[in-house]
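Just below is one structure, and these are the notes that go with it.
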Amino acid sequence: MSTTAATRSSGARPTPEELEALPLLPPSRSGLAEVVRRRYLLTMLVRNDIQSRYQGTVLGWMWSYLQPAIRFCLFYFLFQVMVGRGGNMENFAVHLFSGMVIVHFFTETFNGGTQSLVQNRGLITKLPVPNEMFPVSRMLVSAWHTVPMLVILIFVCLLLGWTPDLLGVAATFLAFLLTALLGLSLGLVFSVANVFMRDFGKVAQTLTQFVTFSVPMMYPYTLVTDRFGEGIAKYYLYNPMAEAVLLIQRGFWVGTTSDSDVTIAAHLPDHLFTRGVIMAVVAMVLVVLAQRFFARLESRVPERL
């Protein structure tokens, strides 16, 4: 009996090497609903990706907390101590780092999703699974690696006297929901496009570089209104990632300031939640459209890989 057959008969979980050794099988039903139905395989993909991230390191999972903590300290020293970037903004380092959390989640989801099919070509050609599973797994892995940054952010906010409020919690949840849906929709489209033309991987990397500077993270939203006026700022807020950053700042940074009401009136735009809900609904529609685009091309993916 072969090793793979013995593994299946014993009920043990197959390793990725054993999965890639399986013979070619006909494709299975596709779609995000099928991904949820095959959540055992999805869980296995996520677990293997997470474990491989720090494989061979001495500190292991500690790096997940050391890296964001060091990053926060560097940005705090550079922007708040040396440059004094915040001006009259209280706790500008929290303003900056909260934006970094949501931007990191988006860029990891988008870039990881774009490369997911190419990087899993061995599994795609051997396993009868919905190919949407690979961009979805990268989104979940990105969420997992965002948790340590979120823990660091919460710890710093608590040191500064932050007390969570219901609207702030809702804003944070809405920010992550909007970011996850937007990143997944782009990941689905770019992942299948990247199979046919590898340039899309470079395009995704270039686009994510613009995200850092197109959101009110390293500068306050009021800077946009002061420099360009309300007319341009209105179009600036059409950027869903700018909306997500403002929402997470409402959830964390606002609560660390001495007067939350004054901070909201001075530094956040009107109708923040209304815009966020509308954008989340639009992002859900984009996920549906992206999945349909993905389904039209996925039958040609194995032969192109």
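In the working numbering, the protein residues as written are 176 to 480. Cβ coordinates follow ideal geometry from the N, Cα and C atoms, glycine included. Since we're looking at a predicted model, the values are computed, not measured.
Q. Taking DSSP as the reference, what is the three-state secondary structure of G343?
A. Correct three-state label for G343: helix.
Q: Identify, in the order they occur along the chain, each residue of the same chain with its Cβ nearer than 8 Å to the Cβ of S312, setting aside the five sequence neighbours on each side.
A: Exclusion of the five residues before and after S312 leaves L217, L220, V221, D224 and S291 as the residues of its chain whose Cβ lies within less than 8 Å of its Cβ.
Q: For L361, count neighbouring C-beta atoms within 10 Å of its own C-beta (all shown protein chains included) and say buried if the count is 16 or more, exposed if not.
A: It counts as buried.
(Q) Within 10 Å of its beta-carbon, does L298 have 16 or more other beta-carbons around it, so buried, or fewer, so exposed? (A) The residue in question, L298, is buried, as its Cβ has 16 or more Cβ neighbours within 10 Å.
Q: For I407, count neighbouring C-beta atoms within 10 Å of its own C-beta (all shown protein chains included) and say buried if the count is 16 or more, exposed if not.
A: Answer is exposed; the Cβ neighbour count stays below 16.
Q. What are the start and end residues of the alpha helix (DSSP H) that includes W319?
A. That run of the alpha helix (DSSP H) goes M308 to L334.
Q.
Among L342, L359 and R467, whose alpha-carbon lies nearest the alpha-carbon of F309?
A. When only C-alpha atoms are compared, the closest one is L359.
Q) Taking buried to mean at least 16 other C-beta atoms within 10 Å of its own C-beta, is Y132 buried or exposed? A) Nothing can be reported for residue 132: it is not among the residues displayed for the chain, which extend from 176 to 480.
Q: Could you check how far apart the C-beta atoms of F247 and I327 are, in whole angstroms? I think they sit under 8 Å.
A: At roughly 6 Å, the Cβ-Cβ gap stays under 8 Å, so F247 and I327 are in contact.
Q | Residues of its chain near L356, where Cβ-Cβ distance is below 8 Å and the 5 sequence neighbours each way are ignored | A | Within the same chain, L356 has close Cβ partners A455, A458, M459, L461 and V462.
Q) Would you say G279 and M324 are within 8 Å of each other, going by their C-beta atoms? A) The amino acid occupying residue 279 in the given sequence is His; Gly does not appear at that position. The Cβ-Cβ distance between H279 and M324 falls below 8 Å.
Q: Measure the CB-CB distance between E418 and N306 and report whether it falls below 8 Å.
A: With a cutoff of 8 Å on beta-carbon distance, E418 and N306 are scored as not near each other.
Q) Under three-state DSSP, which class holds K301? A) Here K301 carries a coil assignment [DSSP, helix/strand/coil].
Q. Pick from I245, V276, R212 and T282: whose alpha carbon is nearest that of Q380?
A. The shortest C-alpha separation from Q380 is found at T282.
Q.
Buried or exposed, going by whether 16 or more other CB atoms sit within 10 Å of the CB of V331?
A. Around the beta carbon of V331, a 10 Å sphere encloses 16 or more other beta carbons of the protein chains shown; the residue is thus reported as buried.
**Q.** Validate contact between the stretch 331–341 and the stretch 388–395 using beta carbons, cut 8 Å, 3 pairs
**A.** Three or more Cβ pairs closer than 8 Å define a contact, and the stretch 331–341 falls short of that threshold against the stretch 388–395.
Q.
Between which residues of its own chain and G206 is the CB-CB distance below 8 Å, once the five residues before and five after are set aside?
A. Cβ within range, chain order: P305, E307, Q466 and A470.
Q) Span of the alpha helix (DSSP H) holding G376? A) Its alpha helix (DSSP H) spans residues D374 to F388.
Q: Count the other CB atoms, across all protein chains shown, that sit within 10 Å of the CB of V211; report buried if there are 16 or more and exposed otherwise.
A: Exposed.
**Q.** Rounded straight-line distance, which links the Cα of P303 to that of P201
**A.** Any reading at P201 must be qualified, since the residue scores a pLDDT of 45, below 50, and its modelled position is unreliable; no value is offered.
Q. So R213 is in the alpha helix (DSSP H); what residue range does that whole segment cover?
A. Premise fails: R213 is in no alpha helix (DSSP H) and is neither H nor E.
Q | Short Cβ contact (8 Å threshold) for T438 with G336 | A | No, the Cβ-Cβ distance between T438 and G336 is not below 8 Å.
Q) Under the three-state reduction of DSSP, which class applies to D401: helix, strand or coil? A) D401 falls in the helix class under three-state DSSP.
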